[in-house]
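S.K.: Each protein sequence line maps, in turn, to chains A and B. By full-length UniProt numbering, the letter at position 143 of the first sequence is numbered 143, and the numbering carries on one by one without gaps. By full-length UniProt numbering, the letter at position 22 of the second sequence is numbered 22, and the numbering carries on one by one without gaps.
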Amino acid sequence: MAQCVQSVQELIPDSFVPCVAALCSDEAERLTRLNHLSFAELLKPFSRLTSEVHMRDPNNQLHVIKNLKIAVSNIITQPPQPGAIRKLLNDVVSGSQPAEGLVANVITAGDYDLNISATTPWFESYRETFLQSMPASDHEFLNHYLACMLVASSSEAEPVEQFSKLSQEQHRIQHNSDCSYPKWFIPNTLKYYVLLHDASAGDEQRAESIYEEMKQKYGTQGCYLLKINSRTSNRASDEQIPDPWSQYLQKNSIQNQESYEDGHCTITSNKNSDSNLLSLDGLDNEVKDGLPNNFRAHPLQLDPSGDPSNSIDGPDHVKSASSLHETKKANTGIIHGACLTLTDHDRIRQFIQEFTFRGLLPHIEKTIRQLNDQLISRKGLSRSLFSATKKWFSGSKVPEKSINELKNTSGLLYPPEAPELQIRKMADLCFLVQHYDLAYSCYHTAKKDFLNDQAMLYAAGALEMAAVSAFLQPGAPRPYPAHYMDTAIQTYRDICKNMVLAERCVLLSAEILKSQGKYSEAAALLIRLTSEDSDLRSALLLEQAAHCFINMKSPMVRKYAFHMILAGHRFSKAGQKKHALRCYCQAMQVYKGKGWSLAEDHINFTIGRQSYTLRQLDNAVSAFRHILINESKQSAAQQGAFLREYLYVYKVNTYFGVDTKIIFK
Amino acid sequence: MAVCVAVIAKENYPLYIRSVPTENELKFHYMVHTSLDVVDEKISAMGKALVDQRELYLGLLYPTEDYKMFRKLHSSYTDVMCNPFYNPGDCIQSRAFDSMVTSMMIQVC
Chain A
1 MAQCVQSVQE LIPDSFVPCV AALCSDEAER LTRLNHLSFA ELLKPFSRLT
51 SEVHMRDPNN QLHVIKNLKI AVSNIITQPP QPGAIRKLLN DVVSGSQPAE
101 GLVANVITAG DYDLNISATT PWFESYRETF LQSMPASDHE FLNHYLACML
151 VASSSEAEPV EQFSKLSQEQ HRIQHNSDCS YPKWFIPNTL KYYVLLHDAS
201 AGDEQRAESI YEEMKQKYGT QGCYLLKINS RTSNRASDEQ IPDPWSQYLQ
251 KNSIQNQESY EDGHCTITSN KNSDSNLLSL DGLDNEVKDG LPNNFRAHPL
301 QLDPSGDPSN SIDGPDHVKS ASSLHETKKA NTGIIHGACL TLTDHDRIRQ
351 FIQEFTFRGL LPHIEKTIRQ LNDQLISRKG LSRSLFSATK KWFSGSKVPE
401 KSINELKNTS GLLYPPEAPE LQIRKMADLC FLVQHYDLAY SCYHTAKKDF
451 LNDQAMLYAA GALEMAAVSA FLQPGAPRPY PAHYMDTAIQ TYRDICKNMV
501 LAERCVLLSA EILKSQGKYS EAAALLIRLT SEDSDLRSAL LLEQAAHCFI
551 NMKSPMVRKY AFHMILAGHR FSKAGQKKHA LRCYCQAMQV YKGKGWSLAE
601 DHINFTIGRQ SYTLRQLDNA VSAFRHILIN ESKQSAAQQG AFLREYLYVY
651 KVNTYFGVDT KIIFK
Chain B
1 MAVCVAVIAK ENYPLYIRSV PTENELKFHY MVHTSLDVVD EKISAMGKAL
51 VDQRELYLGL LYPTEDYKMF RKLHSSYTDV MCNPFYNPGD CIQSRAFDSM
101 VTSMMIQVC
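#1: Going along chain B in order, which residues have a C-beta closer than 8 angstroms to the C-beta of Arg-570 (chain A)?
#2: Could I get the ranges of all uninterrupted alpha helix (DSSP H) runs contained in the region 576-661 of chain A, with 4 residues as the minimum, in chain order?
#3: State yes or no: is the beta carbon of Thr-530 (chain A) nearer than 8 angstroms to at least one beta carbon in chain B?
#4: Could you name the residues of chain A that His-74 (chain B) contacts, counting a contact when the two beta carbons are closer than 9 angstroms?
#5: Name the residues in the region 28-39 of chain B whose C-beta lies less than 7 angstroms from a C-beta of chain A; which are they?
#6: So which residues on chain A does Pro-14 (chain B) lean against when the C-beta distance must stay under 7 angstroms?
#7: From Thr-654 (chain A) to Pro-98 (chain A), what does the alpha carbon distance come to, in whole angstroms?
#8: Cβ of Gln-170 (chain A) within 8 angstroms of Cβ of Gly-359 (chain A)?
#9: For residue 148 (chain B) versus Lys-72 (chain B), is the C-beta distance shorter than 8 angstroms?
#10: Whose C-beta lies closer than 6 angstroms to the C-beta of Gln-349 (chain A) among residues of the same chain, with five residues either side of it excluded?
#11: Within 8 angstroms, do at least three Cβ pairs link the region 22-33 of chain B to the region 592-603 of chain A?
#12: Below 8 angstroms on the Cβ atoms is my guess for Leu-151 (chain A) versus Met-214 (chain A); work out the distance and round it to an integer in Å.
#13: Starting from Ala-71 (chain A), follow its DSSP beta bridges and name the residues at the other end.
#14: So Ile-607 (chain A) packs on Ile-565 (chain A), CB below 8 angstroms; how close in whole Å?
#15: Could you give the residue range of the beta strand (DSSP E) that holds Cys-148 (chain A)?
#16: Whose C-beta lies closer than 6 angstroms to the C-beta of Ala-545 (chain A) among residues of the same chain, with five residues either side of it excluded?
#17: Pick from B:Asn-24, B:Cys-4, B:Asp-90: whose alpha carbon is nearest that of Asn-12 (chain B)?
#18: Helix, strand or coil: how does DSSP classify His-325 (chain A) here?
#19: Determine the closest residue to Cys-496 (chain A) out of A:Lys-518, A:Pro-477, A:Gln-516, A:Ala-459, with distance taken between C-alpha atoms.
#20: Within 8 angstroms (strictly less), CB to CB, does Val-51 (chain B) reach chain A?
#21: Beta carbon of His-336 (chain A), beta carbon of His-36 (chain A): below 8 angstroms?
#22: Are the C-beta atoms of Val-5 (chain A) and some chain B residue less than 8 angstroms apart?
#23: Listed in chain order, which residues of the region 433-450 of chain A have Cβ atoms closer than 7 angstroms to some Cβ of chain E?
#24: Ignore the nearest five residues each way along the sequence and tell me which others in Leu-438 (chain A)'s own chain have a CB closer than 7 angstroms to its CB.
#25: Would Lys-651 (chain A) count as contacting chain B if we go by Cβ distances under 8 angstroms?
#26: Can a CB atom of chain A be found closer than 8 angstroms to the CB of Lys-10 (chain B)?
#27: In angstroms, rounded to a whole number, what distance separates the CA positions of Glu-521 (chain A) and Arg-18 (chain B)?
#28: When the Cα atoms are used, what is the spatial distance from Asn-256 (chain A) to Ala-40 (chain A)?
#29: Compare the Cα-Cα distances from Ala-199 (chain A) to each of A:Cys-148, A:Ser-154, A:Pro-187, A:Phe-605 and report the closest residue.
#30: Determine the DSSP secondary structure at Val-5 (chain B), reduced to helix, strand or coil.
#31: Thinking Lys-66 (chain A) and Glu-52 (chain A) are a contact (beta carbons under 8 angstroms), I'd like their distance in whole angstroms, please.
#32: Okay, do the region 69-78 of chain A and the region 15-29 of chain A touch, 3+ Cβ pairs below 8 angstroms being the bar?
#33: Leaving out the 5 sequence neighbours to the left and right, which residues in its chain are closer than 6 angstroms to Ser-515 (chain A) when beta-carbon positions are compared?
#34: Hey, would you say Met-1 (chain A) sits closer than 8 angstroms to Ala-510 (chain A), going by beta carbons?
#35: The beta strand (DSSP E) spanning Pro-14 (chain B) covers which residue range?
#36: Could you pull out every unbroken alpha helix (DSSP H) segment of at least 4 residues lying fully inside the region 110-134 of chain A, listed in chain order?
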């Protein structure tokens, strides 16, 4: 894989963070909106703790947590639609292009001197967005809400009343059987009351007195007075206040978007593949590299009958890119946090620190203790008696009731109070606070239970997290159990048919293998997950596999080139034309002038077509020219087609300055 | 039995490459090129002790090949080399070589 900004030891804890919900009153929301931010967005840049925190584990050992981050988000009552997620990921990748004039690495392998960039920031953006946007599911508790912040403003008529209303609202959302989303960790969610005070417009005395009242009612540890909006006048920026929010808001988060056409992105990608540059051939034979053998449009097929004029999918391309451009424009025009001073920033940081240290962590500690006690008391009954009674009276588990349930969990559904789920909950909590030893042992126990019960989805989840905890354990007492991950991936993909979860496993596992230097295993893993259903995912994974090959001790340059070509093909099918062009150009460096004329011709042809679509006409002309210069081993029909293409593009290029609109229609 | 035959020069470019015409030639070209990586790996793993190697057949890259076929190919190749008019590094254009390859490809197809 390409080098990433974060090491794997930073990436994994950052991907699994304690989730906190935020429920705001209208008045409080109005206060934060003065900064063009919602309450949750306001907290985002400050949600990483600057100092270490510690807590006690069930054995009363002190456990230190470094660099803890929390995720605060507004409550959404519906799981994000897969179509919306796909669109978001598409936008993120197309928005992240290699910078112009990027300093590239020169890699020398044998007689190949390659100029390629060692980093792939678009992949990192994709991965981050993908991991953040995973919907919460029933078989794991990592992104269930642990706590809820209830926010009201000091400028309201009856703030205390408002708090009880918010509290009831949260209770309703959690316990009402209609709302199955969002998911909450335990029935007794921590409630943290925040009084938001506008320092420039509000009454300080009143705020303080209300805060005193709250402290009486909810305890000192359960509430906080947060003062914001200290900036009094709209000074036309004589001091430059940093805007840490823009980097979080450019990712058009799902929670902020209103409505979606579910099929929108699928329509776009279908159009792209119809007017695709490569002909749709029948099913092909098995490709030895282990690729799926049913490429509908074979990447290595030339289309002699296609005409450049047909391949202009300008409107589609423009449409999918325009949404991102609009949001970017909208965001760059707005200044975020205009009413906040640096003191306010510090206050927010302090608030998060207080919340975590005095509210969240004690709650987590208490919950872990409770779960631990429950588990020990259960173990008190003799194990054999318990399992015997389970077998004879078929416990309290729900047998397969409908086909839908069967599809999801492949057989078994646990009721929320089942002891196996308690173990999983405890394991997840330990993982979230970075206590990997305890997490590993709990996951291991949970895995055994789930496998015994043949609850495959749950087992896969436990295996995945057990492998990750084993890797992250300090002191590395055991080697990384790669077979756990492999089983998990296989289960997710084949039995549970859940590609999203399988993809998460692959992303984490590949990163771990890369950090251990096992590049060929990582590459094999990445390639195994490429499939027909998602072009963007396959393209990104193929590109990462290519980078794995080139980063090996003895770089496999040709495999790198081959996989870059495959990645380029998938990118163009996914509508990411710039990335496609980039991949083909990088692959070209390997094939250039080496005498593999058919391959070279194919790449030049594709580069020519892609450059043409992206309006880089000079590139297109020179690419096509290269095909014609060398002695060609192609058939006569093929050579004729190449010549026609060249003449067409050359003609367009010559007339370029004149009237492009007519030509490109 | 063979669907594609390729002879690669030391400098990693193809001296001779031919596939059964009904198949997608481009695909085979790519495959052969990519599999050179595996060949490289095997060669470097062998080390200097076997420089004067009798082990011409590097083993099965994928366990489907026929050893006899390789022998025939290799002996035809040496014949081509022996031709005094053949410059090493040129593409192979001998008719005898062509016909031998055709016979190999038609054999079991």
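For each residue, glycine too, the CB sits at the ideal point set by N, CA and C. Predicted, not measured: the structure shown is a model, and the values here were computed from it.
M.R.: On the basis of the coordinates in this document:
#1: Taking a Cβ-Cβ threshold of 8 angstroms, none of the residues of chain B is close to Arg-570 (chain A); the smallest such distance is about 15 angstroms.
#2: You should have 577-591, 597-613, 617-629, 636-654.
#3: Closer than 8 angstroms: no.
#4: For a Cβ distance threshold of 9 angstroms, nothing in chain A lies close to His-74 (chain B): the least Cβ distance comes to about 21 angstroms.
#5: His-29, Tyr-30, Met-31, His-33, Thr-34, Leu-36, Asp-37: these are the residues of the region 28-39 of chain B whose beta carbon lies less than 7 angstroms from some beta carbon of chain A, given in chain order.
#6: Ordered by position in chain A, the residues that pass the 7 angstroms Cβ test against Pro-14 (chain B) are Gly-595, Trp-596.
#7: Distance between the alpha carbons of Thr-654 (chain A) and Pro-98 (chain A): 29 angstroms.
#8: With respect to Gly-359 (chain A), Gln-170 (chain A) sits apart: the two C-beta atoms are not nearer than 8 angstroms.
#9: Only positions 1 to 109 of chain B appear in the structure, and residue 148 (chain B) is not among them; the question remains open.
#10: The displayed chain sequence assigns Arg, not Gln, to residue 349 (chain A). Closer than 6 angstroms at the Cβ level, and outside the excluded window around Arg-349 (chain A), lie Phe-46.
#11: Counting Cβ pairs under 8 angstroms, three or more are found: they touch.
#12: In the sequence under discussion, the amino acid at residue 151 (chain A) is Val, which differs from the Leu named in the question. By a beta-carbon distance limit of 8 angstroms, Val-151 (chain A) does not contact Met-214 (chain A). Their separation comes to about 12 angstroms.
#13: DSSP lists A:Cys-19 as partners of Ala-71 (chain A).
#14: Actually they are not in contact, since the Cβ atoms of Ile-607 (chain A) and Ile-565 (chain A) sit about 11 angstroms apart, beyond 8 angstroms.
#15: 145-153 is the span of the beta strand (DSSP E), which, as asked, contains Cys-148 (chain A).
#16: Excluding sequence neighbours, Ala-545 (chain A) sits near Ala-523, Leu-526, Ile-527, His-563.
#17: Ranking B:Asn-24, B:Cys-4, B:Asp-90 by Cα distance to Asn-12 (chain B) puts B:Asp-90 first.
#18: Residue placement at His-325 (chain A) is poorly supported in this model, since its pLDDT is 47, which falls under 50; the coordinates are not used for a value here.
#19: Out of A:Lys-518, A:Pro-477, A:Gln-516, A:Ala-459, the CA that lies nearest to the CA of Cys-496 (chain A) is found in A:Ala-459.
#20: With a pLDDT of only 38 at Val-51 (chain B), under 50, the local geometry of the prediction cannot be trusted, and the value read off the model is given with reservation. Interface flag for Val-51 (chain B) against chain A is unset, since no Cβ pair is found closer than 8 angstroms.
#21: The Cβ-Cβ distance between His-336 (chain A) and His-36 (chain A) falls below 8 angstroms.
#22: Not a single CB atom of chain B sits nearer than 8 angstroms to the CB of Val-5 (chain A).
#23: Here the protein chains are A and B, and chain E is not one of them.
#24: Same-chain partners within the cutoff: Asp-57, Cys-430.
#25: Not one chain B Cβ lies under 8 angstroms of Lys-651 (chain A).
#26: At a cut-off of 8 angstroms, the C-beta of Lys-10 (chain B) has no neighbouring C-beta in chain A.
#27: CA-to-CA, the gap between Glu-521 (chain A) and Arg-18 (chain B) works out to about 32 angstroms.
#28: Interpretation of Asn-256 (chain A) is limited by its pLDDT of 46, a score under 50 that renders its predicted location unreliable; no figure is taken from the coordinates.
#29: Scanning A:Cys-148, A:Ser-154, A:Pro-187, A:Phe-605 for the CA closest to the CA of Ala-199 (chain A) turns up A:Ser-154.
#30: Of the three classes helix, strand and coil, the one that applies to Val-5 (chain B) here is strand, per DSSP.
#31: With 8 angstroms as the limit, Lys-66 (chain A) and Glu-52 (chain A) qualify as a contact, their Cβ atoms being about 5 angstroms apart.
#32: The region 69-78 of chain A vs the region 15-29 of chain A: in contact.
#33: Counting only Cβ-Cβ distances below 6 angstroms, and skipping sequence neighbours, we find Val-8.
#34: Ala-510 (chain A) is positioned such that its CB atom lies closer than 8 angstroms to that of Met-1 (chain A).
#35: The continuous beta strand (DSSP E) containing Pro-14 (chain B) extends over residues 14-19.
#36: Along the length of the region 110-134 of chain A, whole alpha helix (DSSP H) runs at least 4 residues long occupy 121-132, reported in chain order.
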